[in-house]
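What follows is one structure encoded as structure tokens, with my remarks underneath.
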């Protein structure tokens, strides 16, 4: 079976590693160079999207910011899973909000801003503080602005204008203004849907962000009610999109309620722990769904966590001496803040997981993992 | 880190998959074509052993039947782990028996046969039935003869002569005659030793052979005394060889006693279950040892089993719907009896594992997995 992945980053690489044993060959379309590469060797295999589409039995994507012409070509081939519509929803906060409303799914109060008049209206209609997010170009905290006070409004409007002027060309610009949610914690749900409409979801994951980028995820003990609430949201969104593959949903948790923050039509950073902690990892399940193989069980094997490695190309080798610790490098060149790899760790119970996380936090340099120690401490406290 | 593996089969491939996330690049030396290949793409990377040795930070092997000139070149580079001596022991039953005797390790009564006179003497000294094994060329049941009765002796002697005449050239031929052991079961121990002399072993694995080839392995609940006995044998052999990497030891179990059947200086088929069932799989631990990284925990996560796929290049997709089931194809072309892939399956306890094995045995075609059903039935019985 041959599968073309749109995008040639770490997600394509981890898909390739996960499904090589299933005799599924992954080739990755690098949109930057317009070539098709082997995501494991990174060698160019052949040039061009047309050949890539021809090669593939199925096509999928590792990111959602794909130009619409590429998506249209893939969709026309009949091989694209999930559909171009689903991928576009993940890449455009306006479509995303429309979808959430259509599905009757709880999310933050918001308004779409395309003009200065919209901006002024949002300031009047929504309560401060606001978070403004580029509808199209933002991810990992880029293209986002926080507005705490109306006095900042003019400065921020200038910033937004500058971002777009210097930024994405040829796209219709817009910003989504949301009321900031005073959440208790951020959680996400990763799940799979196959072409028959069967869905299976992993346990909810508790996430911690540092400077807008995911830094730690912990697959938490299942709270049945919360899990059921999240599963219902997953099912309604996945059904509406006639979705095939892995879909991730990020939530804000306020008390017992979940508000959708955003959705990602792909394997997700907050699901990397599934490589060691779940019966079938998200990468394998994505390809199982895409290739019409039976979905694999998404059961938690044991409590597990993931620590992102950002902007660093080495960590102390001694972390490998902590039981149940695995290291996953992406083979990328070093850049400040860049996602370079991650560490997975498991424990037979949450207490053991917390102990191992503490060991790791002590070994990893504080300068680069600056919020890890306090976060692990708060997790330990949460358990007691 | 660059590692050259002598041999380009499934073991090199699974090493490459296991350690790609550690940024360890595996290249495999295909002794047949005298080229160095990428074990994942199977593309030729460059030609020749000399270049391969130059490329490598470390060199290891996936099989023990390597010509001695190749081993000498690798040993001379100072990069070979385990040493050429250890690899040779695995490839020559005479050296293996010498080692077992030197280590004071229990094994079957045996005699080395190089001439007809030795053969006649063995018939007198040892009790029937005997198993005669080629000292150098045999594996997976090839180059083996069973002698139940002295009346068969002349015929078998002619067979042995014919095997050597038609077989391996340029090697000094010999056969090891062993008294057949009326064992209760076959078990194996896979373990790792690092360059500092630290050792960690996986739980004992219970093995079933079909026509001399491993067909099923089950990582069994630990019997402390038996595990300690096996670990002691492992430690003494590994120490004697100043071993670095994964070493496998096959035993016959008779009552509470373990007799060494044979040793394999490499990752081993009976350790494939560690990919899903152990904290760190044997492939990763082998490379951790070879590359001077800390050994990973060898703890059992949960009861696990492996089923070999022999001579077939497809199995029903429905097996993937059995929870905790993973499929590992080796990407090889189909040949009768050839090891083409394996299936791993786990359960939260042995009872659940037995249930899942039963489901799999029902789904897999009986013609190709002919001893699976009765073996699984006997395993179930063993539990109750």
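Protein chains in written order, with the working numbering: chain A, 114 to 497; chain B, 114 to 497.
Backbone N, C-alpha and C define an ideal beta-carbon position, used for all residues, glycine too.
Which listed residue (the options) has its alpha carbon closest to that of residue i
i, options, result
"residue 362 (chain A)", "A:120, A:220, A:116 and A:137", "A:220"
"residue 471 (chain B)", "B:329, B:161, B:337 and B:351", "B:329"
"residue 370 (chain A)", "A:342, A:198, A:354 and A:465", "A:342"
"residue 502 (chain B)", "B:466, B:230 and B:481", "What the structure shows of chain B is the stretch from 114 to 497, and residue 502 (chain B) is not part of that stretch, so it cannot be assessed."
"residue 431 (chain B)", "B:162, B:190 and B:473", "B:473"
"residue 419 (chain A)", "A:312, A:460, A:264 and A:206", "A:460"
"residue 417 (chain A)", "A:348, A:468, A:134 and A:257", "A:468"
"residue 273 (chain A)", "A:263, A:258 and A:264", "A:258"
"residue 128 (chain A)", "A:286, A:172 and A:228", "A:172"
"residue 553 (chain A)", "A:355, A:160 and A:133", "The question about residue 553 (chain A) has no answer here: the residues shown for chain A are numbered 114 through 497."
"residue 306 (chain A)", "A:154, A:184, A:462 and A:408", "A:408"
"residue 354 (chain B)", "B:197, B:336, B:122 and B:126", "B:197"
"residue 479 (chain B)", "B:435, B:428 and B:264", "B:428"
"residue 374 (chain A)", "A:135, A:156, A:232 and A:296", "A:296"
"residue 131 (chain A)", "B:485, B:491 and B:442", "B:442"
"residue 162 (chain B)", "B:426, B:142, B:192 and B:265", "B:142"
"residue 154 (chain B)", "A:147, A:133 and A:146", "A:133"
Beta-carbon proximity list for residue i, same chain, < 6 angstroms, skipping 5 on both sides
i, result
"residue 176 (chain A)", "120"
"residue 124 (chain A)", "175 and 380"
"residue 284 (chain A)", "No answer about residue 284 (chain A) holds up, because its pLDDT of 44 lies below 50 and its placement is not dependable."
"residue 485 (chain B)", "474"
Contacting residues, own chain, Cβ-Cβ under 8 angstroms from residue i (five flanking each side not counted)
i, result
"residue 451 (chain B)", "423, 424 and 445"
"residue 315 (chain B)", "302, 303, 304, 332, 384, 387, 391, 395, 411 and 413"
"residue 140 (chain A)", "115, 116, 117, 118, 149, 150, 151, 152, 158, 165, 168 and 169"
"residue 110 (chain A)", "This structure does not reach residue 110 (chain A), given that chain A is present from 114 up to 497, and the question cannot be answered."
"residue 308 (chain A)", "194, 357, 402 and 405"
"residue 347 (chain B)", "302, 304, 312, 314, 360 and 362"
Interface partners of residue i on chain A, CB under 7 angstroms
i, result
"residue 407 (chain B)", "430, 431, 433 and 434"
C-beta contact flag for residue i and residue j at 7 angstroms
i, j, result
"residue 366 (chain A)", "residue 298 (chain A)", "yes"
"residue 226 (chain B)", "residue 275 (chain B)", "no"
"residue 406 (chain A)", "residue 433 (chain B)", "yes"
"residue 204 (chain A)", "residue 178 (chain A)", "yes"
"residue 398 (chain B)", "residue 327 (chain B)", "no"
"residue 255 (chain A)", "residue 242 (chain A)", "no"
"residue 400 (chain A)", "residue 137 (chain A)", "yes"
"residue 312 (chain B)", "residue 351 (chain B)", "yes"
"residue 200 (chain B)", "residue 487 (chain B)", "no"
"residue 212 (chain B)", "residue 202 (chain B)", "yes"
"residue 389 (chain B)", "residue 439 (chain B)", "yes"
"residue 288 (chain A)", "residue 245 (chain A)", "yes"
"residue 349 (chain B)", "residue 292 (chain B)", "no"
Beta-carbon neighbours of residue i, restricted to chain B and to distances below 8 angstroms
i, result
"residue 136 (chain A)", "442 and 444"
"residue 417 (chain A)", "Chain B residues near residue 417 (chain A): none, gap ~11 angstroms exceeds 8 angstroms."
"residue 462 (chain A)", "Ordered by position in chain B, no residue passes the 8 angstroms Cβ test against residue 462 (chain A), which lies about 13 angstroms from the chain."
Span of the alpha helix (DSSP H) around residue i
i, result
"residue 164 (chain A)", "162-168"
"residue 184 (chain A)", "181-189"
"residue 399 (chain B)", "395-403"
"residue 293 (chain A)", "Here residue 293 (chain A) belongs to no alpha helix (DSSP H), and DSSP marks it neither H nor E."
"residue 204 (chain A)", "197-204"
"residue 387 (chain A)", "387-390"
"residue 93 (chain A)", "Since the first and last residues shown for chain A are 114 and 497, residue 93 (chain A) lies out of range."
"residue 347 (chain A)", "337-353"
"residue 459 (chain B)", "Note, residue 459 (chain B): premise wrong, no alpha helix (DSSP H); beta strand (DSSP E) at 452-459."
"residue 438 (chain A)", "No alpha helix (DSSP H) contains residue 438 (chain A), which is instead part of the beta strand (DSSP E) from 438-442."
9 angstroms Cβ cut-off: residues of chain B touching residue i
i, result
"residue 143 (chain A)", "Per Cβ cutoff of 9 angstroms: no residues; residue 143 (chain A) is ~17 angstroms from chain B at best."
Neighbour list for residue i in chain A, Cβ cutoff strictly below 8 angstroms
i, result
"residue 401 (chain B)", "433"
"residue 154 (chain B)", "151, 153, 154 and 156"
Range covered by the beta strand (DSSP E) that runs through residue i
i, result
"residue 224 (chain B)", "223-226"
"residue 126 (chain A)", "Residue 126 (chain A) -> not in any beta strand (DSSP E); alpha helix (DSSP H) instead, spanning 123-132."
"residue 148 (chain B)", "148-150"
"residue 173 (chain B)", "171-174"
"residue 333 (chain A)", "No beta strand (DSSP E) contains residue 333 (chain A), which DSSP labels as neither H nor E."
"residue 244 (chain B)", "243-247"
7 angstroms Cβ shell around residue i - same chain, five flanking residues per side excluded
i, result
"residue 372 (chain A)", "219, 220, 221, 294, 364 and 365"
"residue 208 (chain A)", "201 and 202"
"residue 463 (chain B)", "334, 416 and 496"
"residue 206 (chain A)", "246, 248 and 289"
Listed by chain order, chain A residues near residue i by CB distance under 9 angstroms
i, result
"residue 437 (chain B)", "392, 393, 409, 410, 412 and 414"
Within-7 angstroms CB hit, residue i to chain D
i, result
"residue 130 (chain A)", "Absent from the structure: chain D. Protein chains present are A and B."
Proximal residues of chain B, C-beta to C-beta of residue i below 7 angstroms
i, result
"residue 133 (chain A)", "130 and 153"
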